[in-house]
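K.L.:
Heads up: the sequence lines are chains A and B, in that order.
So the first sequence is numbered by this note's numbering: it starts at 103 and just counts up by one.
So the second sequence is numbered by this note's numbering: it starts at 103 and just counts up by one.
2 protein chains.
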Amino acid sequence: MMMTRVRSAVSSIIGGIMASGSSAQETHPDPPPRFPYSRPDFLALSPDEVECSADHISRPILILKETKLPWATGYAEVINAGKSTLNEDQACCEVVELRKRPADPSSPSYTPTRRRSSLPGTDILETIESTEVKELNFHYWALFDGHGGSGAAVFAAKFLHLHIEEQLQEVLEILQNPALQPPTCLGEDNPVHHLHPSAGCSQRGLSRAASLRGAAGAPGSPNTMAPRFFMEKKIKQESLVVGAVENAFKEMDAHIARERTGYSISGGCTALVVVYLLGKLYVANAGDSRALIVRGGEILPMSSSFTPESERQRLQFLAHLQPSLLGNDFTNLEFPRRVTKKEVGKRMLYRDFTMNGWAYKTVQEEDLKFPLVFGEGKKARVLATIGITRGLGDHDLKVHDSDIAIKPFLSCSPEVKIYNLPQFEHAADDVMILATDGLWDVLSNQEVAEAVSGFLGNCDPDDQHRYTMAAQDLVMKARGVLRDRGWRIAGDRLGSGDDISVFIIPLMHGNGQQPQPS
Amino acid sequence: MMMTRVRSAVSSIIGGIMASGSSAQETHPDPPPRFPYSRPDFLALSPDEVECSADHISRPILILKETKLPWATGYAEVINAGKSTLNEDQACCEVVELRKRPADPSSPSYTPTRRRSSLPGTDILETIESTEVKELNFHYWALFDGHGGSGAAVFAAKFLHLHIEEQLQEVLEILQNPALQPPTCLGEDNPVHHLHPSAGCSQRGLSRAASLRGAAGAPGSPNTMAPRFFMEKKIKQESLVVGAVENAFKEMDAHIARERTGYSISGGCTALVVVYLLGKLYVANAGDSRALIVRGGEILPMSSSFTPESERQRLQFLAHLQPSLLGNDFTNLEFPRRVTKKEVGKRMLYRDFTMNGWAYKTVQEEDLKFPLVFGEGKKARVLATIGITRGLGDHDLKVHDSDIAIKPFLSCSPEVKIYNLPQFEHAADDVMILATDGLWDVLSNQEVAEAVSGFLGNCDPDDQHRYTMAAQDLVMKARGVLRDRGWRIAGDRLGSGDDISVFIIPLMHGNGQQPQPS
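1) Note down the Cα distance separating residue 534 of chain B from residue 529 of chain A, rounded to an integer number of angstroms.
2) When you compare only the Cα positions, how much space is there between residue 568 of chain A and residue 394 of chain A?
3) Is it buried or exposed for residue 425 of chain B, if we count other Cβ within 10 angstroms and need 16 for buried?
4) So does the stretch 512 to 520 of chain A actually touch the stretch 532 to 547 of chain A, counting three or more Cβ pairs closer than 8 Å?
5) Helix, strand or coil for residue 241 of chain A? Go by DSSP, reduced to three states.
6) Given this structure, state the Cα-to-Cα distance separating residue 571 of chain A from residue 526 of chain A, to the nearest angstrom.
7) Please list, in chain order, the residues of the stretch 446 to 464 of chain A that have any C-beta partner in chain B closer than 7 Å.
8) To the nearest angstrom, report how far apart residue 174 of chain B and residue 138 of chain B are at their CA atoms.
9) Cβ closer than 8 Å: which chain A residues qualify as neighbours of residue 346 of chain B?
10) Between which two residues does the alpha helix (DSSP H) containing residue 352 of chain B stretch?
11) Could you tell me which of A/485, A/493, A/489 and A/494 sits nearest to residue 501 of chain A, measuring between CA atoms?
12) Could you tell me whether the Cβ of residue 349 of chain A comes closer than 8 Å to any Cβ of chain B?
13) What's the call for residue 210 of chain B, buried or exposed, on a 16-neighbour Cβ count within 10 Å?
14) Going along the chain, which residues of its own chain have a beta-carbon closer than 6 Å to the beta-carbon of residue 460 of chain B, five neighbours each way excluded?
15) DSSP state of residue 465 of chain A, grouped into three classes?
16) State the start and end residues of the unbroken alpha helix (DSSP H) segment that holds residue 603 of chain B.
17) Span of the beta strand (DSSP E) holding residue 388 of chain A?
18) Any beta-carbon of chain A closer than 8 Å to the one on residue 433 of chain B?
19) Since residue 477 of chain A meets chain B, which of its residues come closer than 8 Å, beta carbon to beta carbon?
20) Short of 8 Å Cβ to Cβ, which residues in the stretch 241 to 267 of chain A face chain B?
21) What does residue 466 of chain A reach in chain B if we use C-beta pairs closer than 7 Å?
22) Give the straight-line distance between the Cα atoms of residue 504 of chain A and residue 561 of chain A, rounded to the nearest whole angstrom.
23) Per DSSP, which residues does residue 522 of chain B bridge with? Please list them.
24) Let's test the definition: count the other Cβ atoms within 10 Å of the Cβ of residue 581 of chain B and tell me whether it reaches 16, buried, or not, exposed.
25) So, residue 517 of chain B versus residue 387 of chain B, is the Cβ gap smaller than 8 Å?
26) Going along chain B in order, which residues have a C-beta closer than 7 Å to the C-beta of residue 515 of chain A?
27) Looking at the unbroken alpha helix (DSSP H) that takes in residue 269 of chain A, where does it start and where does it end?
28) Since residue 603 of chain A and residue 193 of chain A are thought to touch, with beta carbons under 8 Å apart, how far apart are those beta carbons, to the nearest angstrom?
29) Given residue 352 of chain A, which residues of its chain have a CB within under 8 Å of its CB, disregarding the five upstream and five downstream residues?
30) Decide if residue 448 of chain A is buried, meaning its Cβ has at least 16 other Cβ atoms within 10 Å, or exposed.
31) Apply the 10 Å Cβ neighbour rule to residue 466 of chain B and answer buried if 16 or more other Cβ atoms are within range, or exposed otherwise.
32) Please identify, using Cβ separations under 9 Å, the residues of the stretch 570 to 602 of chain B that lie next to chain A, in order along the chain.
33) Reducing DSSP to helix, strand and coil, say where residue 446 of chain B ends up.
34) So with CB distances below 7 Å, who are the chain A contacts of residue 414 of chain B?
35) Taking the continuous alpha helix (DSSP H) assigned at residue 139 of chain B, which residues delimit it?
36) Can you check DSSP and say which residues form a bridge with residue 403 of chain B?
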């Protein structure tokens, strides 16, 4: 049964890619193929291997085999201990080329050309190095942690980088000229003309000329022609990339919403994405996966977690403004625990959307409703249903046995942090680690950093697979070993029973240094 | 004219305090006296001095005279260079005693007793040291920066500490027992009984006993009686203080709203408040004043600024959910500058409430409306009207020549940061600096820290007035000297034309160390 599903999945994936690659001018989006469950393309698993990987008893750790990922990135994963039939994590790693548009981008039938530089099973590094044309490309790593089914995670793993590509394509000509400050306004007829900083509809040229004649626009100045141009914000190029990634998440979410009318796209997923473009790493996170950089033993967190606890005030503020979203069943206020009927009239600790501290209030009948945000740590839930507050999908998720929709409380907007690679010297052991919450639930940032640094320090520096070996070591340390019917890790602690996926990205390669000779 | 107003102000202030002090049991709040303009009580200015202080040409720097503030706190201030007739900054410093309640707190006619430990012109340190009764008290420092009139700032300076007192009074018995974890629920009949951690309606005693019989409430456990008690959040005592301060700000704002129906309370104000209670400094900020600690030369920021730029996403989110708040005149989107009619149909940079980056959109007619958040730095405005987004008052503020209210976009909730004094050793030059934006507009944190450290290092350590002298030095460095019709500071930069108020609080005294012998 499972085998059948997996085989059709693989042929469907390849079919989908080929179709898109061979007919770049066709109207986008076509009704895309519905992707059944699979493991990440770059693992190049046989159907047998996919089936073996789903063994909840032995929980085999899957690693990259002969496939090389960009920058010699390492990867390892393991399935959960039974909480869902399938591994609901998904991963993607691509190098995506951005090319000049062949047609008028304002045309509704316009489709950006794209040439996929990575196909399952090919050596990506070779593909990139062999092309002599100097096109702008971006590197892309992504982890998706699904819930309530694997549909959204699988779908996002196939498409999110294409949405990012589409958004970046819009600003490609600006990005290709790094000295250029993004123009406030682009002419519709001739965008190239308006890219010149001293011309275009922003009229910065004019305001500059005016300023030569004195403090134009200043109070009391004789020149009253150009004052508003002094109020123009200067936008940096990197802000365009951040905006592109943010909007790509929105488009991805809307894409899932559209497609689900024709297909079943089950559940939702978190998304942790790294885009490397023009020397900078853009780390975009929506959910509770985590990215951190380990550089010379120092830990730099590169993401925040978005959970019912960390986003409590946003959720309460929304419910405060639109109380109908709570139906008749929930209260906007937070209490340290459920309020019982016999406590009506007594004084109980609470907090509302304006508070970080706690105070006492007299309990009303109204307060007996279930709190919008309830529980602590991994048990915290929004509307008693979901433990993360940002991500993709979940459009049809409702409170159990009710018509109350969860989606209005979820945000698909990532937080984007920027790391400027050339600003630092990187050694071979300096890495960025991306992992789903299965890892971070049982290992601290410090433990993860020490494990990776320790492991890499003991590796043969010529071994191209050491980052994958380090990822495998991390997954092993978090999963642990099966003992007395439970998974145990160092210090006799409980191992993670969740799906775990880990990328380890060596930062040295991003500086333009060559990979170590092998 | 000015003299008359000031004289009546002073007598009114003293009258108001005496009335409240002599009749502690009367129903609160009485219609309070409306406070006309004045300078801080602790400056103990004569009417002549108040008048001289308002000279916009000479801008004399006012400092503490013989009055001693708690911990030998230093203070200095200066009026603006003409942007408003009066100095719209206000300040307050008090030691407030918390006493056990004489009556049932749930009674609506209940009034907390309060004994004011500081009256204008008295020596506060002496007052405190002479009282042998071991009552709980809190120290209080506050700066208010008014706008659109001095009413709200004057009113808040008279009352905010009393609102904090009232909120803290509610939890006094809990705070008096530092080992006690705040009970989730207080019984109405017998609050003392319920303060015992192993009893009371929170039933923690019950759940503890249950847990002795095994992992009660865990899945598969035979004991199904007490599972919900495992979900009870543990609230720390300091969270009660934070909640008390947060709610006191709300009460203060509602107090202004109520009183303005009978009196004129002009404008609004920011509020920066420090409460010292049981070893901890609670720094609450709503607006763009700033607190920082300088310890051993290191700078620790103790507040964030709340401005149209820092709160853009909150404001846009609100407008997105309740677009009617924008009337027909404003747009929710941000653009780098005003959009002009001829740009309709072109592509322009924008961002919405979900974005930190920027992207291009096709300009619509709708986008010609004025942006909700507009301008950069000190020129940034909400609804083209106000440059700060948190504070007290402003209940009647409207967009010029329109019915669009500003208040829904303003928050009166402070952000509260905590500094645990006993955790650190403090030297005599370690201080907390509080100042209104007039200081920080022209001096960086680094410049301020170096100026204060440098100044204190050159002082006679026995001089009780050195913190006031350091505050005076700071105000001087920010105001500068009048040259060629303009105020100039070091490096030939423009001096601050704004009101400037500065507290310098030595941290050594908070550790229980005695003030240096004088």
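All C-beta atoms in this analysis are idealised placements derived from N, C-alpha and C, irrespective of residue type, glycine included.
P.N.:
The relevant details are as follows:
1) Counting from 1 along the second sequence, the entry for residue 534 of chain B is found at position 432. Counting from 1 along the first sequence, the entry for residue 529 of chain A is found at position 427. Going by the C-alpha atoms only, they are around 41 Å apart.
2) Position 466 of the first sequence, counted from the start, is the residue given in the question as residue 568 of chain A. Position 292 of the first sequence, counted from the start, is the residue given in the question as residue 394 of chain A. C-alpha separation (whole angstroms): 19 Å.
3) The count along the second sequence starts at 1 and reaches residue 425 of chain B at position 323. When all chains shown are included, residue 425 of chain B counts as exposed.
4) no
5) Here residue 241 of chain A refers to the residue found at position 139 when the first sequence is read from its first residue. Residue 241 of chain A falls in the strand class under three-state DSSP.
6) The sequence position of residue 571 of chain A within the first sequence is 469, counting from 1. The sequence position of residue 526 of chain A within the first sequence is 424, counting from 1. Between residue 571 of chain A and residue 526 of chain A, the C-alpha separation is close to 25 Å.
7) 447, 448, 449, 450, 451, 453, 456, 457, 458, 459, 460, 461 and 462
8) For the purposes of this step, residue 174 of chain B is taken as residue 72 along the second sequence, with counting starting at 1. For the purposes of this step, residue 138 of chain B is taken as residue 36 along the second sequence, with counting starting at 1. In a straight line, the C-alpha of residue 174 of chain B is about 29 Å away from that of residue 138 of chain B.
9) By one-based count along the second sequence, residue 346 of chain B stands at place 244. Going along chain A in sequence order, the residues near residue 346 of chain B (Cβ under 8 Å) are 459 and 461.
10) Taking the second sequence and counting its residues from 1, one reaches residue 352 of chain B at position 250. Run containing residue 352 of chain B: 339 to 361, per the alpha helix (DSSP H) assignment.
11) Here residue 501 of chain A is taken as the residue at index 399 of the first sequence, counted from 1. Considering only alpha carbons, the answer is A/485.
12) By one-based count along the first sequence, residue 349 of chain A stands at place 247. So, interface residue.
13) Along the second sequence, one-based indexing puts residue 210 of chain B at 108. Model confidence at residue 210 of chain B stands at a pLDDT of 42, short of 50, so the residue's coordinates are unreliable; what they give is reported in the following sentence. Per the 10 Å Cβ criterion, exposed.
14) In the second sequence, counting from the first residue as 1, residue 460 of chain B sits at position 358. Excluding positions up to five away in sequence, the list reads 451 and 453.
15) In the first sequence, counting from the first residue as 1, residue 465 of chain A sits at position 363. Coil at residue 465 of chain A, not helix or strand.
16) The count along the second sequence starts at 1 and reaches residue 603 of chain B at position 501. It is not in any alpha helix (DSSP H) - residue 603 of chain B instead sits in the beta strand (DSSP E) that spans 602 to 608.
17) On the first sequence, position 286 is the one that residue 388 of chain A refers to. Its beta strand (DSSP E) spans residues 382 to 388.
18) To locate residue 433 of chain B, count along the second sequence from 1; it is residue 331. No, its Cβ sits nowhere closer than 8 Å to a Cβ of chain A.
19) On the first sequence, position 375 is the one that residue 477 of chain A refers to. Correct list: 333.
20) none
21) Taking the first residue of the first sequence as 1, we reach residue 466 of chain A at position 364. Neighbours of residue 466 of chain A on chain B: none; closest Cβ ~13 Å, over 7 Å.
22) Here residue 504 of chain A corresponds to residue number 402 of the first sequence, with the count starting at 1. Here residue 561 of chain A corresponds to residue number 459 of the first sequence, with the count starting at 1. Rounded to whole angstroms, residue 504 of chain A to residue 561 of chain A spans 55 Å at the Cα level.
23) As a first step, residue 522 of chain B must be located in the second sequence, where it is residue number 420. Answer is B/382.
24) Looking up residue 581 of chain B in the second sequence gives position 479. The residue in question, residue 581 of chain B, is buried, as its Cβ has 16 or more Cβ neighbours within 10 Å.
25) For the purposes of this step, residue 517 of chain B is identified with residue 415 of the second sequence, where counting begins at 1. For the purposes of this step, residue 387 of chain B is identified with residue 285 of the second sequence, where counting begins at 1. Contact: yes.
26) By 1-based counting over the first sequence, the position of residue 515 of chain A is 413. Within chain B, the residues near residue 515 of chain A are 456.
27) Start at 1 with the first residue of the first sequence, and residue 269 of chain A comes out as number 167. Element bounds for residue 269 of chain A: 253 to 272.
28) Residue mapping note: residue 603 of chain A aligns to position 501 of the first sequence, counting from 1. Residue mapping note: residue 193 of chain A aligns to position 91 of the first sequence, counting from 1. Contact holds; Cβ gap of about 5 Å.
29) Within the first sequence, residue 352 of chain A is the residue found at index 250, counting from 1. Cβ neighbours of residue 352 of chain A beyond the five flanking positions: 514 and 515.
30) Within the first sequence, the letter at position 346 stands for residue 448 of chain A. Buried is the call here.
31) As a position in the second sequence, residue 466 of chain B is number 364, starting the count at 1. Exposed, since its Cβ has fewer than 16 Cβ neighbours within 10 Å.
32) none
33) Start at 1 with the first residue of the second sequence, and residue 446 of chain B comes out as number 344. If DSSP states are grouped into helix, strand and coil, residue 446 of chain B belongs with coil.
34) The residue you call residue 414 of chain B lines up with position 312 of the second sequence. Neighbours of residue 414 of chain B on chain A: none; closest Cβ ~12 Å, over 7 Å.
35) Counting from 1 along the second sequence, the entry for residue 139 of chain B is found at position 37. Segment: none, residue 139 of chain B is in no alpha helix (DSSP H) and carries neither H nor E.
36) Your numbering for residue 403 of chain B matches position 301 in the second sequence. Partner(s): B/394.
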